[in-house]
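Q: Sharing a structure, written as structure tokens. Questions coming.
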Amino acid sequence: MTRTAPEILARASALTDAALDRALPREDDAPAEVHRAMRYSVFSGGKRLRPALAIAAVEALGHPAERALPSACAVELVHAFSLIHDDLPAMDDDDLRRGRPTNHKVFGEATAILAGDALCVVAFEVLVRDTPDRAVAADLALELARASGTRGMIGGQILDLAAERRAPDAETVDRIHRLKTAALIRAACELPALAVRAAADAAARLREYGELLGRAFQIADDVLDETSTPAEMGKGTQKDQSRGKMTYPAAVGLERSRAAAQEFAEAAVAVVRPIDRAGELATLARFTVERTR
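Under my numbering, the residues of the sequence shown are numbered 18 to 310, in order.
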């Protein structure tokens, strides 16, 4: 059966949300305030693209979706942590996320910071606890740490902040995108391959697919920030221009940005074409640059 992108995402959401619900403390568990804040951001209606990629990757390798769930949950928890912190006044200072008030607007800055910290910690707890093979669990934790830290997502955020108000150039923007966005999307695709001890060639293809797709995703996001409304996006738009962010559209213009996103997405599709069951990965790659929010 060939699924559409919405069907792939809906299925991934159902599987991942059930696992995340089991993994996270209940809202009324003490200390309740931080647990409510954690769940507020995790269950906020996101697309679950990263879990969908993890599931599509493991199924492309011939394994059941459940084998990807520790990786899918861990990556999504790190992603949720990053969004809470991105929205803080010291960072992007956003009031809306996915059509709702941002975490710090509801729970206060201190609780939001601690909720983000806690989600990052729980990500590694889930990954290690739910991976039976201790050696494999160590490999997964190492790769997720690399993708999340200063050589990955956090490093990209630092570069993004440092580049504000500077003259944009495509090379610097691409470096920011590789770290800030592509590193975690790459991990979503590579971790399931490591979890099932995939052949080196297949794992390398999934890693490269994730890298290319992450770059496509962030360019498309930069374009949407300039061309969409807050109602369409569920968050503030045209923020990048107002903050002097170094984005692809600022560096090369909207049309070239749209073309670059398509090129990266099609390159990602080409990389995984030799994998027999990669159809859903191709569908998700094209959805990434065709989405409207």
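Glycine included, every Cβ here is placed at the ideal spot set by N, Cα and C.
1. Under DSSP, the alpha helix (DSSP H) around PRO23 begins and ends at which residues?
2. Flag this pair as yes or no: are the beta carbons of GLU181 and LYS262 separated by less than 9 Å?
3. Kindly indicate which residue of GLN235, GLY296 and GLU188 has the alpha-carbon position closest to the one of ARG275.
4. Determine, using beta-carbon pairs with one atom in the region 101 to 118 and one in the region 181 to 193, whether at least three such pairs fall under 8 Å.
5. For GLU225 versus ALA285, is the C-beta spacing smaller than 9 Å?
6. Just to confirm before moving on: does the CB-CB distance between LEU86 and ALA27 stay below 9 Å?
7. Got a sec, what are the start and stop residues for the alpha helix (DSSP H) THR148 sits in?
8. Have a look at the DSSP bridge pairing and note the partners of ARG115.
9. Taking Cβ to Cβ, would you say ALA199 is nearer than 9 Å to VAL269?
10. Who are the Cβ neighbours of ARG53 in its own chain at under 6 Å, not counting the five residues just before and after it?
11. If you measure between the beta carbons of THR309 and ALA22, is that distance less than 9 Å?
12. To the nearest angstrom, how far is the alpha carbon of ALA295 from that of ALA40?
13. Does the distance from the C-beta atom of ALA135 to that of LEU161 stay below 9 Å?
14. Which value, in whole angstroms, describes the spacing of the CA atoms of THR19 and ALA107?
15. Suppose only complete runs of 4+ residues qualify. What are the alpha helix (DSSP H) ranges in the region 72 to 116, listed by chain order?
16. Where HIS96 and LEU201 are concerned, what is the direct C-alpha to C-alpha distance, given to the nearest angstrom?
17. Can you list, in chain order, the residues of its chain with a C-beta nearer than 6 Å to that of LEU94? Leave out the 5 residues immediately preceding and following it.
18. For ALA73, tell me which candidate among ALA287, ALA205, GLY231 and ASP238 has the shortest Cα-Cα distance.
19. Compare the Cα-Cα distances from GLY79 to each of LYS197, ARG214, PHE281 and GLY173 and report the closest residue.
20. With a threshold of 7 Å on Cβ separation, who are the neighbours of LEU196 within its own chain once the five nearest residues in sequence on each side are excluded?
21. For the region 197 to 268, list the alpha helix (DSSP H) runs that are entirely contained and at least 4 residues long, ordered along the chain.
22. Thinking just about the alpha-carbon of each residue, which of ASP104, PRO291 and GLU283 is nearest to the one in GLU307?
23. Taking C-alpha atoms, which residue in ALA267, LEU223 and GLY227 lies nearest to THR244?
24. Assign ASP218 to one of two classes, buried (16 or more other C-beta atoms within 10 Å of its C-beta) or exposed (fewer than that).
A: Looking at the coordinates:
1. 22 to 40
2. yes
3. GLN235
4. no
5. yes
6. no
7. That residue, THR148, is in no alpha helix (DSSP H); it is neither H nor E in DSSP.
8. According to DSSP, which records beta bridges pairwise, ARG115 is partnered with nothing at all.
9. no
10. GLU44
11. no
12. 29 Å
13. no
14. 44 Å
15. 86 to 103
16. 8 Å
17. LEU136, VAL139 and ALA140
18. ALA205
19. ARG214
20. GLY169, MET170, GLY172, GLY173 and LEU176
21. 200 to 212, 217 to 244, 247 to 250 and 256 to 260
22. GLU283
23. ALA267
24. exposed
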